[in-house]
Amino acid sequence: MKIVVCIKQVPDTNEVKLDPVTNTLIRDGVPSIINHDDKSGIEAALRLREKVGGTVTVVCMGPPQADVALREALAMGCDEAFLLSSREFGGSDTYATATVISAALKKIGFDLIITGRQAIDGDTAQVGPQIAEILKIPQVSYAENVDVEGDKIIVKRQFEDRYHIIEIKTPCLITALTELAEPRYMSVRGIIEAYEKEVKVYNFDDLKDSLNPAHIGLKGSPTNVYRSFTKQAKGQGTLYTDISADEAVRVIIEKLEERHII
Ligand SMILES: Cc1cc2nc3c(=O)[nH]c(=O)nc-3n(C[C@H](O)[C@H](O)[C@H](O)COP(=O)(O)OP(=O)(O)OC[C@H]3O[C@@H](n4cnc5c(N)ncnc54)[C@H](O)[C@@H]3O)c2cc1C
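Take 41 as the starting number for the sequence shown in our numbering and just add one per residue.
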């Protein structure tokens with residue numbers, strides 16, 4: 041099975057810094073990591089490969105520095121890595137990002153695509169489902185467990201107060217929750233080998249056969265960030281400890297009445 045995992049390099053913090061003029065993320069000077077959900081996706085892919093054979097490819101769209109994230113994935117045991125990097129891709133919103141990644145996936149080939157559910161910086165959870173839509177393949181989101189039986193992928197999907205067990209045929213896409221699989225550590229040998237392998241770079245010219253310039257980059261992005269700002273911290277709430285349920289109800293009603301909410 042050819043498994044491709046899409047990984048995003050994200051700042052190692054929840055404090056995303058934004059450029060107040062361009063409203064885009066400032067990456068310079070911020071330490072970066074592989075997005076948590078994506079790392080679980082890598083681990084799940086490696087376990088599937090161990091079970092049924094095949095290859096695990098990692099793909100990342102980002103600036104040249106994202107090479108480090110791809111090498112970390114190689115050091116975990118992935119077979120090959122692609123960096124999608126080009127001036128034309130800069131300023132892409134989620135739709136344009138998914139468009140570029142889909143073009144690369146078409147070229148690379150795939151049976152199963154794994155993306156994270158959500159990136160910890162952009163936080164939209166849109167890119168995985170958008171890739172599936174663009175490639176016109178079925179998708180299962182919120183995967184908490186994944187297995188293969190014959191030509192079927194069995195996904196345990198987290199859904200509010202219950203789980204769905206979904207069978208899906210390849211080619212397909214799943215979006216991974218952090219709980220999907222505890223990522224393994226890189227081995228020393230893996231790290232050495234990762235730096236001996238090539239990270240292949242696809243730029244605009246490599247993908248132009250299936251890329252419409254009108255659908256990528258800042259100009260091709262239908263989303264326009266109007267303004268971004270840090271939320272004002274709210275005042276500290278009042279903490280009531282060791283009170284009974286009846287007492288808690290009384291206090292809540294009192295507070296709501298005080299504010300004329302009820
Ligand atoms: C108008 C506009 C301009 C923007 N300009 C820039 C910019 O110049 N530079 C910039 O860094 N960001 C920019 N962004 C943010 C960028 O669009 C998002 O970071 C990106 O589309 C991913 O969205 P997300 O973080 O919400 O990912 P989610 O949709 O939450 O991610 C879900 C999963 O999709 C996969 N995925 C997401 N992004 C990538 C990726 N790049 N490579 C591989 N897999 C991925 C991962 O598996 C991830 O777990 C811009 C956004 C907008 C709206």
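Backbone N, C-alpha and C define an ideal beta-carbon position, used for all residues, glycine too.
- Per DSSP, cross-strand counterpart(s) of Phe199: Arg202
- Query: When every heavy atom of ligand 1 is checked, does at least one fall within less than 7 angstroms of the C-beta of Ala85?
  - Reply: no
- Query: Which stretch, first to last residue, makes up the alpha helix (DSSP H) that contains Gln170?
  - Reply: Val167 to Leu175
- For the putative contact between Leu213 and Ile148, defined by C-beta atoms under 8 angstroms, what is the C-beta separation to the nearest angstrom? Actually they are not in contact, since the Cβ atoms of Leu213 and Ile148 sit about 14 angstroms apart, beyond 8 angstroms.
- Message: Let me check one thing: in DSSP terms, what residues is Cys46 bridge-paired to?
- Response: Val99
- Task: Leaving aside the five residues before and after Val188 along the sequence, list all residues of the same chain whose C-beta is less than 8 angstroms from its C-beta, in chain order.
- Result: Met41, Leu88, Lys91, Val92 and Ile194
- Enumerated in chain order, which unbroken segments of the alpha helix (DSSP H) with a length of 4 residues or greater are wholly contained in the segment 68 to 154? 76 to 92, 107 to 116 and 134 to 148
- Pull up the distance between the alpha-carbon of Tyr225 and that of Cys118, whole angstroms please. 13 angstroms
- Compare the C-alpha of Pro253 against each of Ala165, Leu152 and Arg127 and name the closest. Arg127
- Query: If you check the beta carbons only, do Pro104 and Ser72 fall under 8 angstroms apart?
  - Reply: no
- Query: If you drop the 5 nearest sequence neighbours on each side, which residues of the same chain put their C-beta closer than 7 angstroms to that of Asp241?
  - Reply: Note that residue 241 corresponds to Val in the displayed sequence, not to Asp. These residues qualify, in order along the chain: Leu123 and Ser125.
- Query: Gly277 by DSSP, collapsed to three states: which one?
  - Reply: coil
- Task: Please state if the CB of Ile82 and the CB of Ala113 are separated by a distance shorter than 8 angstroms.
- Result: yes
- Item | Coil, strand or helix - Thr215 by DSSP | strand
- How many Å lie between Gln166 and Ala159 at the Cα? 9 angstroms
- Message: Which of the three DSSP states is assigned to Gly257 in this structure?
- Response: coil
- Query: Under 7 angstroms from any heavy atom of ligand 1, does the C-beta of Thr97 make it?
  - Reply: no
- Message: So Ala136 and Gly275 are supposed to be a Cβ contact under 8 angstroms. How far apart are they, rounded?
- Response: About 40 angstroms separates the two Cβ atoms, so there is no contact after all.
- Helix, strand or coil for Ala183 per DSSP? strand
- Message: By DSSP's criteria, Gly156 is part of a beta bridge. Which residues make up the other side?
- Response: Ala216
- Query: Does the segment 172 to 186 touch the segment 198 to 218, meaning 3 or more C-beta pairs lie closer than 8 angstroms?
  - Reply: yes
- Item | Nearest-angstrom beta carbon gap, Asp78 and Gly156 [assumed within contact, 8 angstroms] | 4 angstroms
- Given Asp52, which residues of its chain have a CB within under 8 angstroms of its CB, disregarding the five upstream and five downstream residues? Val70, Pro71, Ser72 and Ile73
- Message: Measuring only the C-alpha atoms, how far is Ala106 from Asp191?
- Response: 33 angstroms
- Message: Quick check on the burial criterion: 16 or more other C-beta atoms within 10 angstroms. Buried or exposed for Ser142?
- Response: buried
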